[in-house]
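Following this note's numbering, the numbering of the sequence shown begins with -13 at its first residue and continues without gaps.
For glycine and all other residues, C-beta sits at the position ideal for the given N, C-alpha and C.
Keep in mind it's a predicted model, so treat the numbers as computed, not measured.
For reference, the structure is listed below as structure tokens.
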Amino acid sequence: MEVDHVESTYYEYGTAAERWDRALMFFDAKEYVTAARILGGLVEEVPEQVAPRLLLARAYYHSARLRKAETELLAVLERDPVEHYARLMLGRTLERQGRSEEATPHLRLAAALAGEFPDEGDREESAAA
């Protein structure tokens, strides 16, 4: 029982900025589960901020918790519908779940938001297909 208390204290310890730095450190070290654990509390504390939620979604994605990643990405897009990276990640998350048809509009919108438009030749090939 005492170990659980110590672990939860560690993940919750410090200011929001200190926890953000700690989460980034774990994320950069590819310790995605630990990063997600820290970020989960941070997102609860500051739900209006996009950056912690987006990093939480990335941690979930990289640790193959795709439904959780999808939930966080949808929350990001609800707050900021033109957040291009969240749109791209949502598309990739859906693809990774075998939901390619649902992913396509998100991937297209992400490309458009990034300023990536198909070449004229690509459009003609698509129309011919």
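By the C-beta density criterion, phenylalanine 13 is buried, having at least 16 other C-beta atoms within 10 angstroms. Judged by DSSP in its simplified three-state form, alanine 61 adopts helix.
The C-beta distance from serine 49 to valine 19 rounds to 5 Å, short enough to meet the 8 Å contact threshold. Taken atom to atom, the span from the alpha-carbon of glutamate 88 to that of tyrosine -3 is near 35 Å. Residue state for proline 91 is assigned as helix, using DSSP reduced to three classes. Leucine 74 and leucine 93 have their alpha carbons spaced roughly 5 Å apart. Across the structure, glutamate 56 and leucine 40 are spaced so that their CA atoms are roughly 11 Å apart. Taken through DSSP and simplified to helix, strand or coil, lysine 54 comes out as helix. For tyrosine 46, the uninterrupted alpha helix (DSSP H) run begins and ends at 36 to 48, by DSSP. Taking a C-beta distance under 7 Å as the contact criterion, alanine 72 and leucine 80 do not qualify as a contact pair. When the alpha-carbon of threonine 1 is set against those of Ala21, Leu28 and Ala22, the nearest one is in Leu28. Residue environment: valine 32 is assigned as exposed (fewer than 16 neighbouring CB atoms within 10 Å of its CB, all protein chains considered).
The beta carbon of alanine 100 sits closer than 7 Å to the beta carbons of His70 from its chain, once the five residues preceding and following it are set aside; these are given in chain order.
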